[in-house]
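Chains as they are written, first to last, in this note's numbering: chain A, 75 to 311; chain B, 1324 to 1624.
Just so you know, even glycine gets a beta-carbon here, dropped at the ideal spot from N, CA and C.
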Amino acid sequence: MPLLKIENLHTFYGHVHALKGINLEVEEGEIVTLIGANGAGKSTTLRTISGLVRPREGRIEFNGHLLNNVPAHQIVQMGISHVPEGRRIFTTLTVMENLMMGAYTIRDERVIQENLERVFTLFPRLAERKNQLGGTLSGGEQQMLTIGRALMARPRLLLLDEPSLGLAPMLVRAIFETIREINAGGTTILLVEQNARAALKIAHRAYVLETGRVVLSGPAHELMQDERVRKAYLGER
Amino acid sequence: MQFLQQTINGITIGSFYALVALGYTMVYGVLKMINFAHGGMFMWGAYIGLTVTTGLVALVGYASPWALVPTLIAVMVAVAGIGVLVERVAYRPLRTAGRLAPLISALGMAFILESLARNVYGASWKTYLPGLVPGGRVALLGNVRISVMQVLVLLVSFLLMALLYLFVYRTRVGTAMRAVAQDHEVSRLMGIDVDRIIATVFLIGPGLGGMAGLIVGTYYGSFDFTLGWSFGLRAFIAAILGGIGNIPGAMLGGMLLGIVETFAAGYISPQWKDVIAYVILIFILIFRPTGLLGERVAEKL
């Protein structure tokens, strides 16, 4: 049984039909990436899974539980953490307070300490800056903080929305390396990226979205060879 | 000497403003909305306090300042209840309706709370029973004196403000409150039940406001149903002055407004105190439009 199973998912923003029947599966332990142009529905798919928007039709099943009507704050508790697009850290809270908000659903102080150590091992920079206000961090550090904050809940499934957006090339490489590391530690990842090349390189499988529909899917290394993908998303002629 | 005396009086009145201003600023923090019904809730604190003390005195047979202790608790619980109820029926259904609808709803609740008070208690001035207020004065330096009531008022106000500060800046739920003030959506992604945090704010803000109502009622001795507007608006101005959305700002703004008003009345003219006080405040806002401690809000708007 897949960890996440999405069937015929339809989501609307007002009158805009953003998702038009998405089918998608993520197996435990995988990195799956969603690629596609702006407005294809990648972020909306993540937002529907994490409960920020409600689907009009279809099913989202996680670990055998139907998520359609579960409020966002309870979905976190079920094991899904969503890192939204655009480094939305709490700028007026310290780095430490940001991380503690990530662990909001956990009451066991020992588990929180364990998760904190893990995050600090992954991002030593955050440990150095733990008493600084989030707003004083650099762009790359803020991105580390959004990911670290999500990991504080120790999710089974991590939803990442454009983690490389607006970062310098060297930092992009570091972020993708970190994603692979997180996955190696046992966390399943659903990754949305504009940077299709880098995403396909670390992913096991990929789905290509166009205007709210899945138009192509398969193992990432196969899609990387696919002519349509190479032309449309990898910038080749 | 007169300066010290005026300052003490100013701080006393300032602490009333601060307690009420905290309610405006906390609600603005999490909802970006001015809760115009807050003055009404504060006024209900004075009325409920009146009922409870009258009942207690009838029960015991004599009036003692000790009656204020259970009254304070009863008022806090009752007004916090009003706050949560108002949020549930008048604000939560309008959560996604933009900014204007909740504002109108708040004004409506303000009128409802005021009319209810007038209909239940009548339009005449109400007076707390004599004997409830501790008498006596303590000499400070030379001929500067502070009444026992003032000492108590200041102690209670500062204790409440210190507790609130510790709650908001040192606890898990308080931190979540600051997180919600910044970003509802990301707060939900952290597993924070945003509606519950907002309800908590409507428990604390009106709770403090209700206590302030009781304290103001007993300090001045008498009041009527216009207390909510007259006093509530001043506290609202104090919140703006300190930087709305900022908790230390509300405390500072309240103190400053109280002191400026008292100085204007004491040194210049009691008839002109409002004119002078508000001209000064307008000047402060010209140079610091976001209020004294309001940078964070400016960043967001």
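(message) For P158(A), would you say it is in contact with chain B, using Cβ-to-Cβ distances shorter than 8 Å as the test?
(response) Closer than 8 Å: yes.
(request) Residues of the segment 161 to 177 of chain A with a CB closer than 9 Å to any CB of chain B: list them in chain order, please. (result) Of all residues in the segment 161 to 177 of chain A, R162, I163, F164, T165, T166, L167, E171, N172, M174, M175, G176 and A177 have a Cβ within less than 9 Å of some Cβ in chain B.
(message) If we require 3 or more residues per run, which beta strand (DSSP E) segments fall completely within the segment 1462 to 1532 of chain B?
(response) Every beta strand (DSSP E) of 3 residues or more that sits fully in the segment 1462 to 1532 of chain B is shown, in chain order, as 1468 to 1470.
(message) Please state whether the Cβ-Cβ distance between G1551(B) and E1410(B) is less than 8 Å.
(response) Not closer than 8 Å, so no.
(message) If you measure between the beta carbons of L1423(B) and F1359(B), is that distance less than 8 Å?
(response) No, they are not a contact pair.
(request) Measure from the C-beta of A1665(B) to each C-beta in chain A and report whether the shortest distance is under 8 Å. (result) Look at the range of chain B in this structure, 1324 to 1624, and you will see that residue 1665(B) is not part of it.
(message) Tell me the DSSP secondary structure of P1612(B) in three-state form.
(response) In the structure shown, P1612(B) sits in coil (DSSP, three-state: anything other than H, G, I, E or B).
(message) Could you tell me the alpha carbon to alpha carbon distance between M218(A) and I249(A), rounded to whole angstroms?
(response) Straight-line Cα distance between these residues: approximately 8 Å.
(message) So for Y87(A), helix, strand or coil by DSSP?
(response) In the structure shown, Y87(A) sits in a strand (DSSP, three-state: E or B).
(message) So, with DSSP's three-state summary, where would you put L207(A)?
(response) In the structure shown, L207(A) adopts extended strand secondary structure according to DSSP, grouped into three states.
(message) On the criterion of 16 or more Cβ atoms from any shown chain inside 10 Å, does H89(A) qualify as buried, or is it exposed?
(response) The residue is exposed, with fewer than 16 neighbouring Cβ atoms inside 10 Å.
(message) Here's the rule I'm using: 16 or more other beta-carbon atoms within 10 Å means buried, otherwise exposed. How should P129(A) be labelled?
(response) P129(A) comes out buried.
(request) Consult DSSP for T165(A) and reduce its assignment to one of helix, strand or coil. (result) DSSP places T165(A) in coil when its eight states are reduced to three.
(request) Please report the residue range of the alpha helix (DSSP H) in which A146(A) lies. (result) First-last of the alpha helix (DSSP H) with A146(A): A146 to M152.
(message) By the three-class DSSP mapping on this structure, what secondary structure does T195(A) have?
(response) DSSP, reduced to helix, strand and coil, places T195(A) within a helical segment of the structure shown.
(request) Kindly confirm or deny that the segment 84 to 98 of chain A and the segment 281 to 288 of chain A touch, where touching means at least three C-beta pairs closer than 8 Å. (result) Result yes; three or more Cβ-Cβ pairs closer than 8 Å.
(request) Apply the 10 Å Cβ neighbour rule to D1516(B) and answer buried if 16 or more other Cβ atoms are within range, or exposed otherwise. (result) Answer is buried; the Cβ neighbour count reaches 16.
(request) Locate the beta strand (DSSP E) running through E284(A), then write down its first and last residues. (result) E284(A): member of the beta strand (DSSP E) spanning R279 to E284, first to last residue.
(request) Return the bridge partner residues of L1327(B) from the DSSP annotation. (result) Beta-bridge pairing links L1327(B) to no other residue.
(message) Using a Cβ-Cβ cutoff of 7 Å, what residues of the segment 75 to 96 of chain A are near chain B? List them in chain order.
(response) With the criterion set as a beta carbon lying under 7 Å from some beta carbon of chain B, the segment 75 to 96 of chain A has no members that meet it.
(message) Can you tell me whether G1572(B) is buried or exposed? The criterion is at least 16 other CB atoms within 10 Å of its CB, across all chains shown.
(response) Residue environment: G1572(B) is assigned as buried (16 or more neighbouring CB atoms within 10 Å of its CB, all protein chains considered).
(request) Hey, could you find the ends of the beta strand (DSSP E) L231(A) is sitting in? (result) Per DSSP, L231(A) belongs to the beta strand (DSSP E) from L231 to D235.
(request) Tell me, please, which residues DSSP counts as bridged to P1416(B). (result) Paired residue(s): none; P1416(B) is not in a bridge.
(request) Look up I80(A) in the DSSP assignment and give the residues it is bridged to. (result) According to DSSP, I80(A) bridges with L98(A) and I134(A).
(request) Report the residues of the segment 119 to 130 of chain A with a CB closer than 8 Å to any CB of chain B, ordered along the chain. (result) Within the segment 119 to 130 of chain A, the qualifying residues are S124, G125 and L126.
(request) Give a yes or no on whether the minimum CB-CB distance between R1493(B) and chain A is below 8 Å. (result) Not a single CB atom of chain A sits nearer than 8 Å to the CB of R1493(B).
(message) If the criterion is Cβ atoms closer than 8 Å, does the pair A1440(B) and S1428(B) meet it?
(response) Not in contact: A1440(B) and S1428(B) (Cβ atoms no closer than 8 Å).
(message) For A227(A), would you say it is in contact with chain B, using Cβ-to-Cβ distances shorter than 8 Å as the test?
(response) Closer than 8 Å to the CB of A227(A) there is at least one CB belonging to chain B.
(message) Using a Cβ-Cβ distance cut-off of 8 Å, determine whether A146(A) contacts chain B.
(response) Yes, A146(A) lies at the interface with chain B (some Cβ there is under 8 Å from its Cβ).
(request) Could you check which residue in E188(A), H84(A) and M170(A) has the C-alpha nearest to that of K204(A)? (result) Cα-wise, what sits closest to K204(A) is M170(A).
(message) If distances are taken between C-alpha atoms only, which option among Q148(A), E135(A), P198(A) and G103(A) comes closest to G1514(B)?
(response) Selected option, being the one with the closest Cα: Q148(A).
(request) Determine which residues of the segment 260 to 284 of chain A have a Cβ less than 8 Å from any Cβ of chain B, and write them out in chain order. (result) Residues of the segment 260 to 284 of chain A with a C-beta less than 8 Å from any C-beta of chain B: none at all.
(request) Could you check which residue in L1327(B), L1345(B) and Q1328(B) has the C-alpha nearest to that of L1526(B)? (result) Nearest to L1526(B) by alpha-carbon distance, out of L1327(B), L1345(B) and Q1328(B), is L1345(B).
(request) Please compile the residues from chain A whose C-beta is within a distance smaller than 7 Å of the C-beta of R1501(B). (result) Taking a Cβ-Cβ cut-off of 7 Å, the neighbours of R1501(B) in chain A comprise T166 and L167, given in sequence order.
(request) Would you kindly check if the distance between the Cβ of R162(A) and the Cβ of D1518(B) is under 8 Å? (result) Result no, Cβ atoms of D1518(B) and R162(A) do not sit closer than 8 Å.
(message) Once the 5 residues before and after L245(A) are set aside, which same chain residues still bring their CB inside 7 Å of it?
(response) Here the set comprises G214.
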